[in-house]
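Heads up, the thing below is written out as structure tokens.
Numbering (the numbering used here), first residue to last: 326 to 586.
Laid out in structure tokens, this is it:
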């Protein structure tokens, strides 16, 4: 349905008959205004998604990048399997890191249970710079069983599609394979240069439901909290709760745009 055929958001909000015990008239007026904005947000999300789907063909992938997986070597073409679309999430666990990035780990833990659904539609794999034995050990330690993980041993893929300086950086890239031709389709391009004042340089849409859930609460995302690898054991090599978000970003994403949050 075109935008001109849609009912005004304020009209839909006024027609809403949801009420809760003991709410005040002031609360209901504010909630109705918020509901209208939420309807507009839903519509804007769909408009942006439609623009993304309508992107013209991206750059042709001329290298058949090689990775090391749990079952041996695999090329970029192999990663598609029988699907036409491939998502590669590059997570921060290079050989120089003692532990995986807590933020990347949060994403990946959330996606673990959804992979059987996601993989009905597309191929989804995870790539990092550490040797495959190290990645496999970390996967086992987290209790992940569904992740298809690969090591970018040469770093060629990472340098071309994640960080030209070979930094240990996060990346989310979508590729398509049509008529035997592989092309880049989309990548998150928001970073420090696109951040709004007072906010983390997060992308949109948020790929971790953690932040969407927190956005529905009065506490919100907060300014000094990030997920950790564990909430029981030592905080060594993890985020210090007293550390500022900017200091955290500088430590976890040195010299590279941050695409998280």
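Cβ atoms here follow ideal geometry from the backbone N, Cα and C, with glycine treated the same way. All values reported here derive from a predicted model rather than from experimental measurement.
* Asked: Taking DSSP as the reference, what is the three-state secondary structure of residue 452?
  -> strand
* **Buried/exposed call for residue 538, threshold 16 Cβ in 10 Å** => exposed
* Asked: Are there three or more Cβ pairs, one per stretch, closer than 8 Å when the segment 402-418 is compared with the segment 448-456?
  -> yes
* Buried or exposed: where does residue 366 fall if 16 or more other Cβ atoms within 10 Å of its Cβ makes it buried? -> exposed
* When 428, 373, 362 and 386 are compared against residue 287, the one with the closest alpha-carbon -> Beyond the ends of the chain as shown, which are 326 and 586, falls residue 287; an answer cannot be given.
* Asked: So what's residue 509 in DSSP terms, helix, strand or just coil?
  -> strand
* Does the beta-carbon distance from residue 497 to residue 532 come in below 8 Å? -> yes
* Asked: According to DSSP, is residue 497 helix, strand or coil?
  -> strand
* Start and end residues, beta strand (DSSP E) containing residue 410 -> 410-415
* To do: Since I believe residue 465 is in contact with residue 472 (beta carbons under 8 Å), could you give me their beta-carbon distance rounded to a whole number of angstroms?
  => At roughly 11 Å, the Cβ-Cβ gap does not stay under 8 Å, so residue 472 and residue 465 are not in contact.
* Asked: So, helix, strand or coil for residue 476, using DSSP?
  -> strand
* **Inter-residue spacing [alpha-carbon to alpha-carbon] between residue 406 and residue 546** => 37 Å
* So what's residue 418 in DSSP terms, helix, strand or just coil? -> coil
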